[in-house]
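Since the structure comes first, as structure tokens, the remarks are kept for the end.
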Amino acid sequence: MSDIIDELIKSRLKGRSSIFRDKEILHPEYIPETLPHREEQIKKLAEILIVALKGVRPSNVLIYGLTGTGKTAVAKYVIKRLVEKAPTLNVKLRSAYVNTRKVDTTYRVLASIASSLGLKIPVTGIAISEVYRRYINGLENWGGLHIVVLDEIDYYVRREGDDLLYKLVRINEELSRARVVLIGITNDINFVESLDPRIRSSLGEEEIVFPPYNAEQLYDILKQRAEKAFQPGAIDHDVISYCAALAAREHGDARRALDLLRVAGEIAEREGVDRVMISHVKKAVVELEEGR
Ligand SMILES: Nc1ncnc2c1ncn2[C@@H]1O[C@H](COP(=O)(O)OP(=O)(O)OP(=O)(O)O)[C@@H](O)[C@H]1O
Ligand SMILES: [Mg+2]
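Every position in the sequence shown, counted from 1, becomes a number in my numbering once 2 is added.
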């Protein structure tokens with residue numbers, strides 16, 4: 003047995019990979035420096051939020067589009083750039099990002115928002131109303147503008163109802179020194195339509211729709227990431243093109259395209275070859291199917 007392990011250590015851990023240079027770049031959470039084919043959405047979101055850099059509260063924004071269309075990546079990208087700029091302009095600007103599919107209770111969502119201001123909120127033991135009160139106090143003591151991103155918000159509302167959203171869209175009425183701007187993100191258009199009209203009109207003061215990517219656009223996205231993620235010569239353009247075409251058929255999902263590329267690379271690596279082939283992508287389809 004130990005021979006097998008030793009062999010694996012020698013081949014996989016010690017030697018550098020002949021396939022990947024930096025596999026992290028293909029990870030879904032990785033945000034690249036540029037987001038091809040999302041210029042319009044970046045511009046639109048930035049134009050809405052830019053007044054934050056004058057200390058003015060921007061409109062709330064509701065973002066929707068199918069899965070893998072770059073909603074989370076664009077929101078994080080734009081907000082990060084604005085928050086980084088703020089200190090140079092003497093503006094108090096901070097942001098909270100909560101994925102409400104993963105952070106699943108009202109308590110935890112609020113605690114996560116509040117802790118992004120540096121407030122210490124215990125894991126349990128205080129009432130939700132108390133967490134809310136501490137958030138309000140924290141905001142007022144600080145006196146800045148808080149951008150709060152609620153991602154995959156449909157999961158949360160289906161589970162916990164819309165009380166918190168209702169409170170948050172009206173939170174500025176309780177504030178005098180600080181301001182909150184909300185960005186809701188969802189891939190469920192039915193959810194948007196089923197929202198309480200009062201919430202829809204406040205949260206959707208501005209709405210941005212993310213269309214699916216086509217095969218050429220997915221090709222550009224994959225190529226940009228593949229150039230950094232793979233060893234030179236380990237992947238050809240026809241393999242990238244094949245992954246892009248498959249993902250384009252599945253409603254233009256960039257996450258799916260990246261998964262195919264990454265898993266195909268892993269399979270090639272496991273087989274001990276130094277090039278990713280279309281056959282590896284076909285195996286990746288099966289492997290991803292089994293994991294679904
Ligand atoms: N234009 C782009 N350029 C480079 N990478 C992109 C682009 N659009 C999406 N991606 C990548 O594709 C993956 C999925 O994108 P993202 O997570 O933003 O999708 P989403 O619209 O939020 O999907 P979901 O609704 O499932 O949450 C991420 O790894 C992201 O970095
Ligand atoms: Mg997302």
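By construction, the Cβ of each residue, glycine as well, lies at the ideal position given by its N, Cα and C atoms.
Discussion item. Assuming the contact rule is C-beta atoms closer than 8 Å, D153 and V100 should be a hit. Round their C-beta distance to whole Å, please.
Written reply: Residue numbering aside, residue 153 sits at position 151 when the sequence shown is read from its first letter. Residue numbering aside, residue 100 sits at position 98 when the sequence shown is read from its first letter. Sure, about 7 Å apart at Cβ, within 8 Å.
According to the neighbour-count rule (16 or more other Cβ atoms, all chains shown, within 10 Å of its Cβ), is T246 buried or exposed? Here residue 246 is taken as the residue at index 244 of the sequence shown, counted from 1. Correcting the residue identity first, residue 246 is Ala in this sequence and not Thr. With at least 16 other beta carbons inside 10 angstroms of its own, A246 counts as buried.
Heavy atom of ligand 1 less than 7 Å from the Cβ of P30, yes or no?
Position 28 of the sequence shown, counted from the start, is the residue given in the question as residue 30. Yes, ligand 1 has a heavy atom inside 7 Å of this Cβ.
Contact defined as beta carbons within less than 8 Å: I believe Y168 pairs with R103. What is the distance between those atoms, to the nearest angstrom? Here residue 168 is taken as the residue at index 166 of the sequence shown, counted from 1. Here residue 103 is taken as the residue at index 101 of the sequence shown, counted from 1. Rounded, the Cβ-Cβ distance is 20 Å, inconsistent with contact.
Original post:
Hey, would you say Y215 sits closer than 8 Å to S243, going by beta carbons?
Top reply: If you number the sequence shown from 1, residue 215 lands on position 213. If you number the sequence shown from 1, residue 243 lands on position 241. Note that the C-beta distance between Y215 and S243 is not below 8 Å.
* So, are the CB atoms of G72 and L37 less than 8 Å apart? -> Reading the sequence shown from its first residue, position 70 is the one you call residue 72. Reading the sequence shown from its first residue, position 35 is the one you call residue 37. Cβ atoms of G72 and L37: closer than 8 Å.
query = Could you check where the alpha helix (DSSP H) with I280 kicks off and where it finishes?
reply = The residue labelled residue 280 in the question sits at position 278 within the sequence shown. Run containing I280: 280-293, per the alpha helix (DSSP H) assignment.
So A266 packs on V278, CB below 8 Å; how close in whole Å?
Start at 1 with the first residue of the sequence shown, and residue 266 comes out as number 264. Start at 1 with the first residue of the sequence shown, and residue 278 comes out as number 276. Correct: roughly 5 Å between the Cβ atoms.
Exercise. Measure the C-alpha to C-alpha separation of G145 and R181 and round it to an integer number of angstroms.
Key: Residue numbering aside, residue 145 sits at position 143 when the sequence shown is read from its first letter. Residue numbering aside, residue 181 sits at position 179 when the sequence shown is read from its first letter. Answer to the nearest angstrom: the Cα atoms are 8 Å apart.
Own chain, CB closer than 8 Å to K230, minus 5 neighbours either side, in chain order: The sequence position of residue 230 within the sequence shown is 228, counting from 1. If the five residues before and after K230 are omitted, its C-beta is found closer than 8 Å to the C-beta atoms of R23, D24, I27, all from its own chain and listed in chain order.
inquiry  = Quick check on the burial criterion: 16 or more other C-beta atoms within 10 angstroms. Buried or exposed for E132?
reply    = Against the sequence shown, residue 132 aligns to sequence position 130. With fewer than 16 Cβ atoms within 10 Å of its Cβ, E132 is classed as exposed.
- request: Use the C-beta contact count for T90: other C-beta atoms within 10 angstroms, 16 or more gives buried, fewer gives exposed.
  value: Counted from its first residue, the sequence shown places residue 90 at position 88. T90 is exposed by the Cβ-count criterion.
* Count the other CB atoms within 10 Å of the CB of N139; is the residue buried (16 or more) or exposed (fewer)? -> Taking the first residue of the sequence shown as position 1, residue 139 is located at position 137. Under the 10 Å beta carbon count, N139 is surrounded by fewer than 16 other beta carbons and is classified as exposed.
Can you tell me whether E154 sits near ligand 2, meaning its C-beta is under 7 Å from at least one heavy atom of the ligand?
As a working note, residue 154 is residue 152 in the sequence shown. Ligand 2 approaches E154 closely enough that one of its heavy atoms is under 7 Å from the residue's Cβ.
Is the Cβ-Cβ distance between I223 and H39 less than 8 Å? As a first step, residue 223 must be located in the sequence shown, where it is residue number 221. As a first step, residue 39 must be located in the sequence shown, where it is residue number 37. It is a contact, given that the beta carbons lie within the stated cut-off.
**Item:** Extent of the continuous beta strand (DSSP E) to which V93 belongs
**Value:** Residue numbering aside, residue 93 sits at position 91 when the sequence shown is read from its first letter. No beta strand (DSSP E) contains V93, which DSSP labels as neither H nor E.
Exercise. Could you tell me if H148 is buried or exposed, where buried requires 16 or more neighbouring beta carbons within 10 angstroms of its beta carbon?
Key: To locate residue 148, count along the sequence shown from 1; it is residue 146. Burial of H148 is indicated by the presence of at least 16 other C-beta atoms within 10 angstroms of its C-beta.
* Using a threshold of 8 Å, state whether the C-beta atoms of I269 and Y66 are closer than that. => As a first step, residue 269 must be located in the sequence shown, where it is residue number 267. As a first step, residue 66 must be located in the sequence shown, where it is residue number 64. For the pair I269 and Y66, the CB atoms are not nearer than the 8 Å cut-off.
Does DSSP put I65 in a helix, in a strand, or in coil? As a first step, residue 65 must be located in the sequence shown, where it is residue number 63. Three-state result, I65: strand.
Which of helix, strand or coil DSSP assigns to R59:
To locate residue 59, count along the sequence shown from 1; it is residue 57. DSSP places R59 outside both helix and strand once states are collapsed to three, so it counts as coil.
Along the chain, where does the beta strand (DSSP E) that runs through L184 open and close?
Start at 1 with the first residue of the sequence shown, and residue 184 comes out as number 182. From DSSP, the beta strand (DSSP E) with L184 extends over 181-188.
**Request:** Please confirm whether V151 and A77 have their CB atoms less than 8 Å apart.
**Result:** Numbered from 1 along the sequence shown, position 149 holds the residue referred to as residue 151. Numbered from 1 along the sequence shown, position 75 holds the residue referred to as residue 77. Against a cut-off of 8 Å, the Cβ pair of A77 and V151 comes out as a contact.
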